[in-house]
Amino acid sequence: DTLVLIGSSPGAETALQKLLQPLAGGRVVLDTSLHLDMTPAQLKPVVERTASARSQESQLALVREVVDSAASHGRGMLHAHTVERASHVGQVDTLLLSTSFLRAKEEQAEELITLTLTRGGDVMLVTDDAAELLDHEGAGVGARLRYTASPAETAVP
86 DTLVLIGSSP
96 GAETALQKLL
106 QPLAGGRVVL
116 DTSLHLDMTP
126 AQLKPVVERT
136 ASARSQESQL
146 ALVREVVDSA
156 ASHGRGMLHA
166 HTVERASHVG
176 QVDTLLLSTS
186 FLRAKEEQAE
196 ELITLTLTRG
206 GDVMLVTDDA
216 AELLDHEGAG
226 VGARLRYTAS
236 PAETAVP
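Each step along the sequence shown adds one to the number in the working numbering, with nothing skipped, and position 32 is 117.
What follows is the structure, encoded as structure tokens:
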């Protein structure tokens, strides 16, 4: 996922952003603190800050998607025990774990990660607001599924 960071004169920034937006979508970020005379050392913290913010936004959007999807019995699932069952049959496309779940239940997290990766899924460790939401809604575990789960698979005993 490439990030396009734009900095120049205000008129040029806006014009360039309008041109790139249809091609790059949400990967275009306009930062008014950038200027043409910046050294690589000055540019590095701006790029890091922007990339970090973009990553946090992306994580939060994915967790919200999983929570909403799980609530409507779509392609989302919450809680370790149901995600583990789905992982066994290769249903998990992306496993989401919060940092607090990883710290508190290291063995269970390791098992979920191994199951997901060996069946071709991806794993994402979420932090900050995304982790807080995942902790609240799924006790630190969620998954985006390859296909819709049946209501019996998503039921919490």
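Even glycine gets a Cβ: it sits at the ideal position worked out from N, Cα and C.
Please read these numbers as outputs of a predicted model, since none were measured by experiment.
### Message
Classify arginine 229: buried if its beta carbon has 16 or more other beta carbons within 10 angstroms, exposed otherwise.
### Response
buried
### Message
Comparing C-alpha positions only, which one of Lys129, Thr199, Gly223 and Asp207 sits nearest to arginine 231?
### Response
Asp207
### Query
Can a CB atom of chain C be found closer than 9 angstroms to the CB of glutamine 176?
Structure shown: chain C not included; a single protein chain is present.
### Query
For lysine 103, which residues from the same chain have a beta carbon less than 8 angstroms from its beta carbon, with the 5 sequence-adjacent residues on both sides left out?
none
### Message
With DSSP as the reference, identify every bridge partner of alanine 228, one or two as the case may be.
### Response
Met162 and Leu180
### Task
Note the first and the last residue of the continuous alpha helix (DSSP H) segment covering leucine 210.
Where leucine 210 is concerned, there is no enclosing alpha helix (DSSP H), although the beta strand (DSSP E) it sits in stretches over 207 to 211.
### Task
With DSSP collapsed to three states, give me the class of leucine 115.
DSSP places leucine 115 in strand when its eight states are reduced to three.
### Query
Under the three-state reduction of DSSP, which class applies to glycine 175: helix, strand or coil?
coil
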